[in-house]
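Q: Residues in the sequence shown are numbered consecutively from 6, following this note's numbering. First the structure, then my questions, so here it is.
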Amino acid sequence: MKDQASITAQVERLFNAGVHLGHKKNRLHPKARKYVYKIVNGTAVIDLTKTVEQLQAAVKFLKAQAKDGKVLLVVGTKKTVSQYVADICKEHGIAHISIKWMPGLLTNFETLMKNVKKMKELEEAKSRGEWDKFVKHERTKLSKLLNRLKKLYVGLTDLKKKPDVMFIIDIKKEKNALIEARKHNIPVVALTDTNADPDTITYPIVGNDDSALAAHLVIKDVVEAYAMSNVVSASNAVPLSSAVLPKSK
C-alpha cells in the first residue's frame with residue numbers, strides 16, 4: 006500500500022510537469038507504443054506508471070554506478086535543456102556536453118584529452134598574465150582559439166577517462182552520441198520521447214523531452230541521484246595511509 010502511494014505521488018509529480026505529453030500519433034515510433042496509455046486529440050499520452058518504474062530503475066542503476074566510482078557523462082544540447090544541463094552538472098562536478106557533441110568524441114578520446122589540456126593551458130596562461138607579452142592581433146587569435154575550445158570542451162575539464170555510463174536527453178537529437186556509446190559498449194540512461202525507439206537504450210525513461218519543465222524534472226532526479234551517491238562513495242573511501250596493506254612476501 007505504501008509503495009502504491011509512493012508511485013501515485015510520483016505519477017502526479019510527473020503529470021504536473023507535463024512528462025506524459027508525447028508526440029502526435031503520426032510520429033509515434035512503433036516500439037514506443039507499449040509505453041502509451043492512450044491517444045487524445047491525436048497526441049500520444051504516455052503511461053506515467055511505466056515512466057516511474059523506468060525512472061526508479063535508472064536511478065537505482067546510476068546510484069550503484071556512482072558507489073562503484075564509475076564516471077558519468079551527461080549529454081543534452083537542445084535549447085530547452087542546454088543551460089540547465091550545464092548548471093546542474095557544474096554544481097555537482099559531473100562531466101557534460103551541453104553545446105555540441107563532437108563526432109568521434111569517444112572514438113578519438115586521446116585527441117579530446119589533448120584539446121582539453123590545451124584549453125586548460127590557455128586559460129592558465131591568460132590568468133597569469135602571460136598573454137600580455139603578445140601584440141593585440143596575437144591575443145585576439147588566442148582568445149578566439151580559447152573560446153572555440155571552451156565551446157566544445159568546457160564541460161569536460163575534469164574528465165580523466167572515457168565515461169563508464171552516459172545520460173542522454175533526446176536520443177534523436179543526440180543520435181551521434183548514442184551511436185558512439187553503443188559502439189563502445191557504454192550503458193546509456195536516456196530521456197526519450199514517443200518518436201524514438203526506446204529499445205536502443207539500456208535504461209530508457211519514456212517521457213516528454215521537448216518541454217523544459219518536464220525534461221528539467223527528470224534531469225534533476227537522475228543527476229542528483231548519481232551525484233549524492235558519488236559523494237557518499239567518496240566519503241566512505243579509506244585513505245591509503247590508514248588502509249591495511251598486505252605484508253610483503
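Glycine included, every Cβ here is placed at the ideal spot set by N, Cα and C.
#1: Need the endpoints of the beta strand (DSSP E) that Leu-77 sits in, please.
#2: Give me, in chain order, the residues of the same chain whose beta-carbon lies closer than 7 Å to that of Ala-63; leave out the 5 immediate sequence neighbours on both sides.
#3: Leaving out the 5 sequence neighbours to the left and right, which residues in its chain are closer than 7 Å to Ser-11 when beta-carbon positions are compared?
#4: Please classify Ser-103 as buried or exposed, where buried requires at least 16 other C-beta atoms within 10 Å of its C-beta.
#5: What did DSSP end up calling Ala-186 once you bin it into helix, strand or coil?
#6: From Gln-70 to Asn-46, what distance separates their C-alpha atoms?
#7: Can you give me the start and stop residues for the alpha helix (DSSP H) that Lys-72 sits inside?
#8: For Leu-196, write down the residues that DSSP places opposite it in a beta bridge.
#9: For the alpha helix (DSSP H) that Lys-43 lies in, which residues bound it at each end?
#10: Taking the beta carbon of Ala-14 as the centre, do at least 16 other beta carbons fall within 10 Å, making it buried, or is it exposed?
#11: So His-34 is in the beta strand (DSSP E); what residue range does that whole segment cover?
A: For this structure:
#1: 77 to 80
#2: Val-194, Tyr-208, Ile-210, Val-227
#3: none
#4: buried
#5: helix
#6: 41 Å
#7: 53 to 72
#8: Ile-174, Ile-210
#9: It is not in any alpha helix (DSSP H) - Lys-43 instead sits in the beta strand (DSSP E) that spans 41 to 45.
#10: exposed
#11: Run containing His-34: none; DSSP gives neither H nor E here.
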